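Report on the structure given below.
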Amino acid sequence: MTMDAYREHRRASGAAKSRAMALLAEGTHAARIEAARLLHDAAERELAALESLDAPPAAARASVLAEVCGCYLEGGDPVWASIRWGELTHAYQQTDAATTTPVETAYSELKARLDEQISRLQRLLDGIPEPIRRVTQASGFGALDAGERQTLDRQLHAILTAFPGLSHVWVVSSLVAHHAGDDDRAWRDIEHAVALRPYLDRAHPLGVALHYVAEGRPGPTARDDLLDHVYAERASLPVDVLLAFVLAELRPQGSAARLARAEAALNLARAQAPASSQWARFVEAAGELLRARLEDRDVGHQPLYRAGLGFHARRDRSTLDTLVELTAPAAPVLAA
4 MTMDAYREHR
14 RASGAAKSRA
24 MALLAEGTHA
34 ARIEAARLLH
44 DAAERELAAL
54 ESLDAPPAAA
64 RASVLAEVCG
74 CYLEGGDPVW
84 ASIRWGELTH
94 AYQQTDAATT
104 TPVETAYSEL
114 KARLDEQISR
124 LQRLLDGIPE
134 PIRRVTQASG
144 FGALDAGERQ
154 TLDRQLHAIL
164 TAFPGLSHVW
174 VVSSLVAHHA
184 GDDDRAWRDI
194 EHAVALRPYL
204 DRAHPLGVAL
214 HYVAEGRPGP
224 TARDDLLDHV
234 YAERASLPVD
244 VLLAFVLAEL
254 RPQGSAARLA
264 RAEAALNLAR
274 AQAPASSQWA
284 RFVEAAGELL
294 RARLEDRDVG
304 HQPLYRAGLG
314 FHARRDRSTL
324 DTLVELTAPA
334 APVLAA
């Protein structure tokens, strides 16, 4: 059974990579975005193949992890390639002399590609003026004026043209579009982020973006439309998106109807969260906050401490920001 699962995951990965290579050959921006999605899927399949094996030898781990890093690099995502690189380095160091040569060759080639892509990405990030970085970090995207948003938007476009696999940059692009009033593009960019799926602990980029889109404006139109859409699709959504929805509905001006929707989504999230997992702790913390809201009482930060989030609870930010921040795939690029 284990080998059957391994072969199936490798087969699916190979099919995704073949289709992605054909799309990359087309060369259009749309084709490269779709290729990035396929290559991220291929990387996930490679990891699933590795997890299906019982105690695989170091050489096998190194080989699969090299494939994973290669998928991320081909898919325009040096950030996730660098995250997996640490695992590859550890596996590479454990290989014995009989298997070192082929692994070393792949390792060296990947390292050179990773270094080149990281350097190129850093140059593009350096193109974002420091004043814009300071404003967005201190006050959010809504604090930018029209000219600053245009400058940031141009640089984000350059980054995503070079690296269409960076899900968190798609999230940032969505936020900029949202604050510029272009909700169609905001939603489209979020869909790109979600499709890429390269997130830690399966944390959904939409979980981060939904909060900021929901809270980004005082007016109800974009916020309510997006929340209504998520609620309508709640039965098919993963635990992290459900959690983000619950937290958004818990905002201070939430009505009884919104709290009822939050409770329904929370029940679905609770059913999905693995016992004793980080997500189970997050869900229980959100549940305690919901009960406090329903009973019109203040519980302060205690639910966060019980969920293992005490350090973050001490920051000067809202409970909503705190929990959703921890679903992010990586530190935001603009804060790098």
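Just so you know, the sequence shown maps onto residues 4 to 339 in the working numbering.
Even for Gly, the Cβ is constructed at its ideal location relative to N, Cα and C.
It should be emphasised that the depicted structure is a prediction, and the values quoted were computed from it without experimental measurement.
Given residue i as reference, the closest of the options once Cα atoms are compared
i: A38; options: L50, A51 and S21; result: S21
i: T5; options: L27, L246 and D57; result: D57
i: C72; options: A146, L91 and R273; result: L91
i: R157; options: L253, S170, L128 and R137; result: L128
i: Y110; options: D301, Q125 and H93; result: H93
i: D231; options: G145, E54, R264 and P241; result: R264
i: R13; options: I36, P134 and C74; result: C74
i: G89; options: S176, R64, R191 and E133; result: R64
i: A196; options: G79, R10, Q153 and A15; result: G79
i: A180; options: A288, R152 and D299; result: R152
i: W83; options: L50, S177, D301 and S55; result: L50
i: A278; options: D301, E119, V242 and R300; result: V242
i: S170; options: T98, R191 and R10; result: R191
i: E54; options: E11, T98 and G145; result: E11
i: Q97; options: Q125, P59 and E133; result: P59
i: S258; options: A235, W282 and D227; result: D227
Contact under 9 Å by Cβ, residue i with residue j
i: L155; j: I193; result: no
i: A69; j: A8; result: no
i: G168; j: L199; result: yes
i: Y95; j: A61; result: yes
i: L262; j: A238; result: no
i: L117; j: S85; result: yes
i: V286; j: A295; result: no
i: V233; j: L240; result: yes
i: E107; j: A23; result: no
i: L159; j: H182; result: no
i: S16; j: R40; result: no
i: P81; j: I36; result: no
i: L292; j: E266; result: no
i: I162; j: V172; result: yes
i: L253; j: A289; result: yes
i: F144; j: L178; result: yes
Reduced DSSP secondary structure (H/G/I, E/B, other) of residue i
i: F144; result: helix
i: A33; result: helix
i: E77; result: helix
i: L230; result: helix
i: F166; result: coil
i: A58; result: coil
i: G130; result: coil
i: G184; result: coil
i: L312; result: Legend: pLDDT at L312 = 49, less than 50; position of this residue unreliable, no value from coordinates given.
i: G210; result: Its pLDDT being 38, under 50, G210 is placed unreliably by the model, and the measurement read from it follows with that caveat. Helix, per DSSP.
i: E266; result: helix
i: R300; result: coil
i: T154; result: helix
i: A278; result: coil
i: T98; result: coil
i: P201; result: Residue confidence for P201 is low, a pLDDT of 45 falling below 50, so the modelled location carries little weight; the figure read from the coordinates is stated next. It is coil, neither helix nor strand.
i: S258; result: coil
i: L240; result: coil
i: L253; result: coil
Expected contact under 8 Å - CB spacing of residue i and residue j to nearest Å
i: L245; j: A268; result: 5 Å
i: R123; j: A165; result: 7 Å
i: L26; j: A34; result: 4 Å
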